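Residue numbers (my numbering): 1 to 263.
Have a look at the structure below, then the notes.
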Amino acid sequence: MTRPDAEQIREMSQALLAARRDHTPIAALTERFPDMTIADAYAVQQGLVAGLLAEGDSIIGYKLGLTSQPMQEMLGVDQPDYAPVLGSTVYPDGGAVPCDDYISPRMEAEICVVLDAPLSGPHCTAAEAWEATRGLVAALEIVDSRIADWKIKLADTVSDLASNGAVAFGSRVVPLGDFDPALIGMAFTRNGELVATGAGAAALGGPLDAVAWLANTLHPLGVTLPAGAIIMTGALHAAVPFVRGDVFRADFDRLGPITLRTT
Numbered sequence: 001m002t003r004p005d006a007e008q009i010r011e012m013s014q015a016l017l018a019a020r021r022d023h024t025p026i027a028a029l030t031e032r033f034p035d036m037t038i039a040d041a042y043a044v045q046q047g048l049v050a051g052l053l054a055e056g057d058s059i060i061g062y063k064l065g066l067t068s069q070p071m072q073e074m075l076g077v078d079q080p081d082y083a084p085v086l087g088s089t090v091y092p093d094g095g096a097v098p099c100d101d102y103i104s105p106r107m108e109a110e111i112c113v114v115l116d117a118p119l120s121g122p123h124c125t126a127a128e129a130w131e132a133t134r135g136l137v138a139a140l141e142i143v144d145s146r147i148a149d150w151k152i153k154l155a156d157t158v159s160d161l162a163s164n165g166a167v168a169f170g171s172r173v174v175p176l177g178d179f180d181p182a183l184i185g186m187a188f189t190r191n192g193e194l195v196a197t198g199a200g201a202a203a204l205g206g207p208l209d210a211v212a213w214l215a216n217t218l219h220p221l222g223v224t225l226p227a228g229a230i231i232m233t234g235a236l237h238a239a240v241p242f243v244r245g246d247v248f249r250a251d252f253d254r255l256g257p258i259t260l261r262t263t
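Written out as structure tokens, the structure reads:
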């Protein structure tokens, strides 16, 4: 077995922290430790988060990754992952994204859930997530990999904060009503040209199903999703690479549009 010990897990956390700071990729962790488990990977992630918080960052919510079939197929994995959303990574709707801040970025359109009440497992249902939800928000996520050339396995992306880069949220929080969030449609354009479509159901069957999955997954760690938490529920399509000068816009049924441009 070639699994990392505690010191090697700490070293990997520090290597990823440096890669984020320097915008310089590192080799896949699973190349060195091919038997690395998902538990090992989340231990690396926790060490990375501790380093980021020590540098003054904050956690404002969570992101789910690899919740859609296209994203799982793109990266050759068969299950979702999660990571904290950091306060330092939030762009405003219509904001400018400096490409030089990232290594190999890609853009995704997602539905964000804002909680109005705490939510926890171990048997959380989508119905309970509905009751705890303040509303839904149109969102974009930049995913980026500190692993060279996106040559990652599930343990690599889990370690690397689920390949998070940055997020942007629409200005409207739309309360749940007489509509099914799973049926919210989305059209995604780059420079005015349609590049993807999707619906809420693409992410684990629906945004509230995704939130329930997260609450249940965090329960063994003693984590309760707090009131006010922002939950990115996962891409509705395969991630789209971008270069300087691109303008992305996602138009969602009921939730409205959101835009980011790159510089």
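Idealized CB from N, CA, C, for every residue including glycine.
Quick caveat: nothing in here was measured; it's all calculated off a predicted structure.
In the same chain as residue 54, and ignoring 5 residues on each side of it, no C-beta atom comes closer than 8 Å to its own. Rounded to whole angstroms, the gap between the alpha carbons of residue 2 and residue 231 is 34 Å.
Note on the segment 170 to 195: whole beta strand (DSSP E) runs with a minimum of 3 residues are 185 to 190, in chain order.
Nearest neighbour of residue 32 by Cα position, chosen from 18, 17 and 5, turns out to be 5.
In the same chain as residue 156, and ignoring 5 residues on each side of it, the C-beta atoms closer than 7 Å to its own belong to 28, 29, 30 and 147, in chain order. Classified as buried, residue 133 has 16 or more neighbouring CB atoms from the shown chains inside 10 Å of its CB. Distances from the CA of residue 44 to each of 239, 125 and 161 were compared; the closest alpha carbon is that of 161. Pairing residue 223 with residue 216, the inter-Cα distance amounts to about 9 Å. Linking residue 50 to residue 101 through their CA atoms gives a straight-line distance of about 21 Å.
For residue 124, the three-state secondary structure derived from DSSP is coil. The alpha-carbon of residue 192 is positioned some 12 Å away from that of residue 261.
Less than 8 Å divides the Cβ of residue 10 from the Cβ of residue 47.
Assignment of beta-bridge partners to residue 44 by DSSP yields no partner. Residue range 154 to 159 is occupied by the alpha helix (DSSP H) that includes residue 155.
Spanning the alpha carbons of residue 16 and residue 141 requires a straight line of approximately 20 Å. With a contact defined as Cβ atoms closer than 8 Å, residue 163 and residue 65 qualify at about 6 Å. Using a Cβ distance threshold of 8 Å, residue 154 and residue 186 do not count as a contacting pair. Going by beta carbons, residue 211 and residue 113 fall inside the 8 Å limit. Around residue 263, the same chain offers 96, 97, 98, 99, 244 and 245 as residues with beta carbons nearer than 8 Å, after the five sequence neighbours per side are excluded. Taking each of 68, 57, 19 and 151 in turn and checking the Cα distance to residue 205, the smallest one comes out for 68.
The Cβ neighbour count for residue 184, taken over all protein chains shown within 10 Å, is at least 16; the residue is labelled buried. Straight-line measurement puts the Cα of residue 174 at about 17 Å from the Cα of residue 109.
Under the three-state reduction of DSSP output, residue 144 falls in the coil class, being neither helix nor strand. In the displayed model, residue 55 falls within coil according to three-state DSSP, outside both helix and strand.
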